[in-house]
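Reading through the structure tokens given below for one structure.
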Amino acid sequence: MCDDPNIPYEIPVPVVGFNSAHFNMIFLLPYLTNKDWHIVPGGYLGDFSHIMRVEVKYKISNVKIQFLDIGMIMTKMSSKEAVQSFGDGKKE
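Plus 1 on top of the position in the sequence shown (first one is 1) and you've got my numbering.
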């Protein structure tokens with residue numbers, strides 16, 4: 002983090018999963034919604050059964066973590082096809 006208050010540091014750390022919405026809700030969110038962590042306003046996209054994105058913030062250091070489920074966004078692709086679409090398109 003930068004110690005200069007004139008330079009804002011609001012970049013969330015992305016954690017990308019494929020078809021991970023159920024895992025995020027059951028295992029991660031109960032531990033990240035306590036006195037030190039909270040879900041940021043507007044940081045939740047979806048409903049409780051179909052979570053596309055959750056963004057949480059650590060209150061002490063202001064670090065943000067953003068959990069993304071690209072399986073919910075790329076619904077017509079398999080995980081292998083989704084990975085290939087982020088690369089150069091080669092099937093290596």
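Just so you know, even glycine gets a beta-carbon here, dropped at the ideal spot from N, CA and C.
This one's a predicted model, so the numbers in the text were calculated from it and none came from an experiment.
- Shown here, I66 sits in a strand according to DSSP, grouped into three states.
- Here V55 is near G44, since their CB atoms are less than 8 Å apart.
- Ranked by Cα distance from I12, the first of S79, I52, S86, V57 is V57.
- Under the three-state reduction of DSSP output, E82 falls in the helix class.
- K60 is the residue among K60, K65, M78, I66 whose C-alpha sits nearest the C-alpha of N35.
- Assigned with DSSP and collapsed to three states, I12 falls in coil, not helix or strand.
- F28 is positioned such that its CB atom lies no closer than 8 Å to that of A83.
- Each residue's CA atom was taken as its position, placing Q85 and Q67 some 22 Å apart.
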